[in-house]
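Step one of this worksheet: look at the structure below.
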Amino acid sequence: MTRHDVDRTRPCWSCGHDAGVGVLCAHCQIVQPVAEGADPFAVFGLEPHFDIDTPRLERAYVDAQRRLHPDGFATRPERERRLAAAQAVAINAAYASIKAPLARARTLLRQHGRDAGEASTETIDDPAVLMEAMETREALAEAADADAVADLGRRAAEAVRACQDRLVAAFNTDNLDAAARLTLRLAYLDKLAHEIKRKRLALVGTAA
Ligand SMILES: [Zn+2]
Numbered sequence: 219m220t221r222h223d224v225d226r227t228r229p230c231w232s233c234g235h236d237a238g239v240g241v242l243c244a245h246c247q248i249v250q251p252v253a254e255g256a257d258p259f260a261v262f263g264l265e266p267h268f269d270i271d272t273p274r275l276e277r278a279y280v281d282a283q284r285r286l287h288p289d290g291f292a293t294r295p296e297r298e299r300r301l302a303a304a305q306a307v308a309i310n311a312a313y314a315s316i317k318a319p320l321a322r323a324r325t326l327l328r329q330h331g332r333d334a335g336e337a338s339t340e341t342i343d344d345p346a347v348l349m350e351a352m353e354t355r356e357a358l359a360e361a362a363d364a365d366a367v368a369d370l371g372r373r374a375a376e377a378v379r380a381c382q383d384r385l386v387a388a389f390n391t392d393n394l395d396a397a398a399r400l401t402l403r404l405a406y407l408d409k410l411a412h413e414i415k416r417k418r419l420a421l422v423g424t425a426a
């Protein structure tokens, strides 16, 4: 399913042939201007799915950064150097918008015209999630030693994995209501995992 079925072919500014959709002209390999509004998944040759091939994303990202490295443009004309720098910035932004599961879920929701729930996790109105959040915060406040905090951390990591599995199913079945709910839950779980980690580091710090 592609929402960006617009014709992305464009003429190369340098040779005039069809430049294709990549950062370099498919015909002459000269760097092209950043395509505004490009699908960040397509930038890395991926379909817009939550369940992406992460190693493939990493390879495509490293490959793009290598091809756009300033060293490779040191002897090139000013215009190409500027375009390469702009493309590197755009590649970084595209990568950041799909690398982490939470960012990827939000990007997909936005692509489907849905609110990506960025406002805050305070907008959670699911009583079960709120109760769980309250209980975990209490347990974290009461956890007195590193072992207890590590145990909470393991449980939080497991909850994050389970939430991501459910997100895969929700996006794969185009159940966007469920995906939006789960994305909010993932945001809360991510935040919680971060708080647990901070407390664990603080405890380790005082013990050392
Ligand atoms: Zn060209």
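All residue numbers for the sequence shown refer to the working numbering, where the first residue is 219 and numbers rise by one.
The beta carbon of each residue, even a glycine, is placed where N, CA and C say it ideally should be.
All values derive from a computational prediction rather than experimental measurement.
Would you call residue i buried or exposed, if buried means 16 or more other Cβ atoms sit within 10 Å of its Cβ?
{"i": "residue 250", "result": "buried"}
{"i": "residue 305", "result": "buried"}
{"i": "residue 391", "result": "exposed"}
{"i": "residue 318", "result": "exposed"}
{"i": "residue 272", "result": "exposed"}
{"i": "residue 293", "result": "exposed"}
{"i": "residue 242", "result": "buried"}
{"i": "residue 280", "result": "exposed"}
{"i": "residue 266", "result": "buried"}
{"i": "residue 289", "result": "exposed"}
{"i": "residue 257", "result": "buried"}
Mapping the DSSP letters down to three states, classify residue i as helix, strand or coil.
{"i": "residue 301", "result": "helix"}
{"i": "residue 365", "result": "helix"}
{"i": "residue 236", "result": "strand"}
{"i": "residue 264", "result": "coil"}
{"i": "residue 251", "result": "coil"}
{"i": "residue 222", "result": "For residue 222, the pLDDT reaches just 46, beneath the cut-off of 50, and the residue's location in the model is therefore unreliable, leaving the point undetermined."}
{"i": "residue 295", "result": "coil"}
{"i": "residue 242", "result": "strand"}
{"i": "residue 426", "result": "Legend: pLDDT at residue 426 = 49, less than 50; position of this residue unreliable, no value from coordinates given."}
Can residue i be considered in contact with ligand 1, in the sense that its beta carbon sits closer than 6 Å to one or more heavy atoms?
{"i": "residue 248", "result": "yes"}
{"i": "residue 267", "result": "no"}
{"i": "residue 412", "result": "no"}
{"i": "residue 330", "result": "no"}
{"i": "residue 381", "result": "no"}
{"i": "residue 287", "result": "no"}
{"i": "residue 315", "result": "no"}
For residue i versus residue j, is the C-beta spacing smaller than 7 Å?
{"i": "residue 389", "j": "residue 268", "result": "yes"}
{"i": "residue 169", "j": "residue 323", "result": "In this structure the chain extends from 219 to 426, so residue 169 is not present and cannot be described."}
{"i": "residue 320", "j": "residue 408", "result": "yes"}
{"i": "residue 364", "j": "residue 421", "result": "yes"}
{"i": "residue 418", "j": "residue 347", "result": "no"}
Could you tell me which of the options sits nearest to residue i, measuring between CA atoms?
{"i": "residue 379", "options": "326, 403 and 367", "result": "403"}
{"i": "residue 396", "options": "283, 332, 373 and 240", "result": "332"}
{"i": "residue 248", "options": "239, 254 and 393", "result": "239"}
{"i": "residue 230", "options": "287, 301, 358 and 330", "result": "301"}
{"i": "residue 385", "options": "374, 286 and 398", "result": "398"}
{"i": "residue 405", "options": "419, 374 and 417", "result": "374"}
{"i": "residue 326", "options": "232, 372, 286 and 270", "result": "270"}
{"i": "residue 416", "options": "314, 377 and 359", "result": "359"}
{"i": "residue 285", "options": "393, 303 and 350", "result": "303"}
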